[in-house]
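So the mapping is simple: UniProt numbering equals the position in the sequence shown, first residue as 1, plus 3.
For each residue, glycine too, the CB sits at the ideal point set by N, CA and C.
Since this is a predicted model, take the numbers as computed values, not measurements.
Data block below; observations after.
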Amino acid sequence: EIPTEQWAQVVEKPGGPVTYKKIPVPTPGPDEVLINVKYSGVCHTDLHAMMGDWPIPPKMPLVGGHEGAGVVVAKGSLVDDISIGDHAGIKWLNGSCLACSFCMQADEPLCPSALLSGYTVDGSFQQYAIAKAAHVAKLPKDVDLEAVAPVLCAGITVYKGLRESGARPGQSVAVVGAGGGLGSMAIQYARAMGLRVVAIDGGEEKGQSCKALGADAYVDFQSSKDLVKEVREATPEGQGPHAVLLLAVSERPFQQATEYVRSRGTVVCIGLPAGAYLKAPVFDTVLRMITIKGSYVGNRQDTQEAIDFFRRGLVKVPYKTVGLSELQKVYDLMHEGKVVGRYVVDTSR
Ligand code: 8ID
Ligand code: ZN
Ligand code: ZN
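Right, dumping it as C-alpha cells:
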C-alpha cells in the first residue's frame, strides 16, 4: 500500500521558490526506515537552505524539512529495533557514522560525515521520507504528531542550548528572538527548568505571545531606547541574566549580548544569520569573566529528553497548521519576520 509517487515541495535552484509537485517515493537502504510524514514544522533553517545563505551548499534539487513526525511504513534488512507502525520523527541530524571519536562520545552533531535532513539529504516536506534508523526520534504513541513536530528541531535545539548555558534553577536567561519558533520553545523549556525569562523580540504581537508563554519580562528591540539597560533592569538584582540564548536571524544582537549578560555569565550562539560575525570587547570579557559559545542541535539522548518534556505536558508549542502546498507562503511570512511561534505543514493537503 506504499504508493510509487507522492506530493513534495522541491527547491530546484538556490534562491527558490519551492515547487509543489509529484516525485517518486524513495526506497530505504539496509540501515534506513521509510517514514510516512504526517506533519512537519517549518524552521528558519529551511529558508536559509532554499536561499543558499550558508557556507555549505545544500543538495539540489532539494526537498527541505527536518521536523517531520509520522509513521514507519518500511525498513531495511538491518533494522530490528524499530517496527512498522511505530511513530517516529525526522530531525536535522538524519544520520552519522557512529564510529568517529565524536560519535563515540555521543557528540554526533559534530560527526564529519553527518547527514542533514532537508539539506544534504531530502527531508520531511514530502509524504514519504527516509532516515537512518539509528537516528530517528522515537515518538510514544500517546504523543500528538502535529503538536510534537516543532520539538524535533526547535525543541531539541533550545533544550540543548539551555543545558549548554549552565543556567541553574532560580537563575535568569535572556532569550533573543523569543517570539519566533526556537524562541517560543525556549521560553517554555526555560520555565520548565525553573529559570526566569527575559524575552527579547520586536513588536506587540510577539510581546503578547512571549508573556502568554510565561516570560517574566519582554524587551522590544524595535522600540527600546536602551536595550542593554532594559534587559539588565529586568533581572532581579539588575546585574543582567546568567545566560543569553541568541536565536535571532540578525547580527546586531550577537554584538550586544556581552554588554548585558551578568558577570561570569554565558552567551550561547544558536541562530545562524548569513555571513555574521561575533564581536565582544576583550576587556569586559576578561574582567567580567564572560563565556561565549556555540550550540548545535542535540544528540539522541537530548532528543528523547526534549520529547519527554513535551510528553509530560511541561512544554507547549504555539503553532499554526497549513497544507504542505502552502509552504512558500510560510517562507514569505518568515522572510518578513512575521511568524509568531511555529508553522506546521500537513502533508495530506
Ligand atoms: O542547532 C542550531 N544552532 C540551530 C537549530 C535550529 C535553527 C539553529 N537554528 C537557527 C536558524 O537557522 C535561524 O537562523 O536559529 C535561527 C532561528 O530559527 P527560528 O526560530 O526558526 O526563526 P524565526 O521563527 O524566524 O525566529 C527568529 C526571531 O528572531 C527575531 C525575529 O523577530 C524572529 O521572531 N529577531 C530578529 I530577525 N532580530 C532580532 C533582534 N535584533 C530578533 N529578536 C531580537 N532582537
Ligand atoms: Zn531547524
Ligand atoms: Zn561520526
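Once you ignore the five residues that flank residue i on each side, which residues in its own chain have a CB closer than 6 Å to its CB?
i    : result
G164 : L248, V271, I273 and S298
G326 : D349 and R352
A277 : D56
Mind checking which residues open and close the alpha helix (DSSP H) that includes residue i?
i    : result
H245 : Premise fails: H245 is in no alpha helix (DSSP H) and is neither H nor E.
T48  : H47 to M54
Y334 : L330 to H338
I159 : A157 to S168
I93  : Here I93 belongs to no alpha helix (DSSP H); instead the beta strand (DSSP E) covers H90 to I93.
D125 : Segment: none, D125 is in no alpha helix (DSSP H) and carries neither H nor E.
If distances are taken between C-alpha atoms only, which option among the options comes closest to residue i?
i    : options                   : result
P172 : G210, Y192, V289 and M196 : M196
G241 : F105, S266 and K144       : S266
F312 : G158, G340, A137 and G182 : G158
V348 : S116, S226 and T324       : T324
A132 : A237, C103 and E35        : E35
L250 : I293, G182, V285 and R291 : G182
S226 : G184, K282, D204 and T294 : D204
A193 : P115, G121, A246 and H47  : A246
Y334 : K62, G18 and I5           : G18
S104 : K282, C114 and P20        : C114
R166 : M107, K332, L65 and K296  : K296
At which residues does the beta strand (DSSP E) containing residue i begin and terminate?
i    : result
V176 : S175 to V179
I203 : R199 to D204
C272 : T269 to C272
Y322 : Y322 to G326
Does the Cβ-Cβ distance between residue i and residue j come in under 9 Å?
i         : j    : result
S88       : S127 : Before going on, a small fix: residue 88 reads as Gly here, not Ser. In this structure, S127 does not lie closer than 9 Å to G88 by Cβ.
L37       : P29  : yes
K24       : V13  : yes
A140      : L155 : yes
A220      : A237 : yes
E70       : N302 : no
A77       : I5   : yes
V146      : Y346 : no
A279      : S253 : yes
T48       : G121 : yes
Q191      : K94  : no
L119      : L96  : yes
residue 1 : V66  : The requested residue 1 does not occur in the structure, where the chain is confined to residues 4 to 352.
Among all the DSSP beta bridges, which residues are the ones paired with residue i?
i    : result
W10  : K25
T294 : T269
In its own chain, which residues sit with a C-beta less than 8 Å from the C-beta of residue i, not counting the 5 before and 5 after it?
i    : result
K41  : A72, G73, V74, L148, E149, D349, T350 and S351
Q304 : A109
H138 : K94, L96, N97, G98, S99, E111 and R303
Taking 9 Å as the threshold (beta carbon to beta carbon), is residue i in contact with chain D?
i    : result
V231 : Within the model displayed, chain D is absent; a lone protein chain is all it includes.
Beta-carbon within less than 7 Å of residue i's beta-carbon, same chain only, minus the 5 sequence neighbours each way: which residues are those?
i    : result
S168 : V176, A246, L248, T269 and V271
V289 : none
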